[in-house]
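Just so we're aligned, residue 374 is where the sequence shown starts under this note's numbering, counting upward by one.
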Amino acid sequence: MPPVRRGLTLVELLVVIAILAILIGLLLPAVQRVREAAARASCANNVKQVALAWHLHSSTHGFYPTDGGSYALDDQPQNGPIRFTSLGNPVPGGFRTDDQCASWLYQVLPFLEQENLWRQADAPSIREARRRILATPVKTYFCPSRSRPQTITLLPDPSSPDHTWYPIRASNDYAANSGDFGKSNGVFGFAPGRSVPLTEAAVTDGLSNTLFVGERLIPRDFYLGPNGFTETGYAWDGGESLCLGWAPFTTPGPYTPLSDGDDRKNPRVKRFGGPHPGGVVCGFGDGSARLVRFTVSPATWWNLCRRDDGNVVGDDF
C-alpha cells in the first residue's frame, strides 16, 4: 500500500497562489469602486446639507449668507476675524459695513447642527471663542474621498499678527460660487472691502439652474500630505471659501472644473474640482446635489455659475 501523501507539492502551491492572486486582482477594483461610490454619496449628502443651509439662512434672516469682509485684528467685541456683539452672540451677515466679517462657511453653522461651535457661549473670552472656531474642523465640510477633517498650524509671521493669535486653522473642501472674477453675478454681491447678501429674487435664472456651492480643486499631493491644504481656514472670508466660474488668469474664460489629479502650475487658484471619477459634486440653489461632468462645455458651465445672465443652460453637465 503506497504511503499517504500529506500537504501540497510545490507546483500545487504555486497554482493555488496564482489563483488567489487572480481573484484578488479581480475583486480589488470592484471593492475600490464600491468604496468610491459610498464616498461620493457621502460627499453629495454633505453638499446637499450645505446647499439647504443657505435656504435655512435665507428663511431665518431674509437673505443668503455673505462672505464677510474687512476686519481689524484686536480683541474688541465688534472687530476681529469673527465678530460678536457680546460673548455667545455672533453678528449675522448683513448689509452694513459692521456686519459679520467671517465667511459664509461660518455663518451657516447653526443650520448644520453646529450652533454650539458658532456661538461659543462657554468660552472665557471673545479671543478664545475665535480661536476655538477657527481651529475646529467641521466634518460636513470634508469630502471622504480626500481625507479626514484636519487642521494646519501656521508658522509665526511678524507681518501677519493673526498667524500668532490664531495659528491653528481648520480646512474645508467646499466653496461657494463667486461667479465672474471682479463681478457680482455669483451667489454674492460685492461692495468695496466686503460682500453683501442676496435674496432669492436676485437669482433670476432659476434656483435649479444656478450653482451655489461645490467641491474646490485641491491637488492630491496636498490633501495626502501631513498639513492638508489651506492658508486661512474655513471661517476666514475669501481665502478657501470661494471659487470662480470665470477668471482672467492665463487664458481668460470659463473656469470649468478639473480633477484633483490634473497637473497644474498654480495649485492655489480658486477653481472648482474634485477627486471623484468623471466629475465634481455641486449643490444648486434648489437644494439639490449633482455630479457635474469634467467634460461640461465652457458655455454651460459659465451659465451655471452666473445667476442672472438670462441664458439657457445646456444639457451637457
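Beta carbons are placed, not taken as given, at the ideal position from N, Cα and C, and that holds for glycine.
When you compare only the Cα positions, how much space is there between residue i and residue j?
{"i": "PRO465", "j": "GLN480", "result": "7 angstroms"}
{"i": "SER532", "j": "ASN545", "result": "25 angstroms"}
{"i": "ALA672", "j": "THR583", "result": "14 angstroms"}
{"i": "LYS643", "j": "ILE395", "result": "43 angstroms"}
{"i": "PHE515", "j": "TRP675", "result": "25 angstroms"}
{"i": "PHE561", "j": "ALA391", "result": "59 angstroms"}
{"i": "PHE563", "j": "ALA411", "result": "38 angstroms"}
{"i": "HIS536", "j": "PHE645", "result": "27 angstroms"}
{"i": "GLY612", "j": "SER568", "result": "13 angstroms"}
{"i": "VAL586", "j": "ASP689", "result": "19 angstroms"}
{"i": "ARG521", "j": "LEU425", "result": "23 angstroms"}
{"i": "LEU507", "j": "LEU387", "result": "56 angstroms"}
Going by C-alpha distance, which of the options is nearest residue i?
{"i": "GLY606", "options": "ILE541, SER498, GLY435 and ARG500", "result": "ILE541"}
{"i": "PRO650", "options": "TRP538, PHE667, ASN550 and LYS421", "result": "PHE667"}
{"i": "PHE554", "options": "TRP427, GLY461, ARG680 and LEU617", "result": "LEU617"}
{"i": "LEU478", "options": "VAL511, PRO463 and TYR539", "result": "VAL511"}
{"i": "VAL420", "options": "PRO630, PHE622 and TYR547", "result": "TYR547"}
{"i": "SER431", "options": "ASP610, CYS678 and GLU573", "result": "GLU573"}
{"i": "SER614", "options": "SER551, GLY656 and TYR539", "result": "SER551"}
{"i": "GLY652", "options": "GLY658, ARG663 and ASP659", "result": "ARG663"}
{"i": "PRO627", "options": "TRP427, CYS678 and PHE436", "result": "CYS678"}
{"i": "PRO630", "options": "SER661, VAL669, THR458 and PHE657", "result": "VAL669"}
{"i": "GLN493", "options": "GLY461, PRO483 and ARG593", "result": "GLY461"}
{"i": "GLY566", "options": "GLN473, SER498 and TRP491", "result": "GLN473"}
For residue i, which of helix, strand or coil comes out of DSSP?
{"i": "SER432", "result": "helix"}
{"i": "ASN550", "result": "strand"}
{"i": "GLU409", "result": "helix"}
{"i": "SER459", "result": "strand"}
{"i": "CYS678", "result": "helix"}
{"i": "PHE314", "result": "In the structure as shown, the chain begins at 374 and stops at 690. Residue 314 is therefore absent and cannot be evaluated."}
{"i": "PRO483", "result": "helix"}
{"i": "PRO671", "result": "helix"}
{"i": "LEU393", "result": "helix"}
{"i": "TRP477", "result": "helix"}
Using a 10 Å radius around the Cβ and a threshold of 16 neighbouring Cβ atoms, would you call residue i buried or exposed?
{"i": "ARG589", "result": "buried"}
{"i": "GLU486", "result": "exposed"}
{"i": "LYS638", "result": "Its pLDDT being 49, under 50, LYS638 is placed unreliably in this model, and the coordinates cannot settle the point."}
{"i": "PRO648", "result": "buried"}
{"i": "ILE455", "result": "buried"}
{"i": "ILE397", "result": "exposed"}
{"i": "ASN558", "result": "buried"}
{"i": "PHE468", "result": "exposed"}
With 8 angstroms as the threshold, decide whether the Cβ of residue i is near any Cβ in chain D.
{"i": "GLY626", "result": "In the structure shown, chain D cannot be found, because there is only a single protein chain."}
> Can you list the alpha helix (DSSP H) stretches of 4 or more residues lying completely in the region 485-539, in chain order?
Replying inline: 488-492, 499-508 and 534-538
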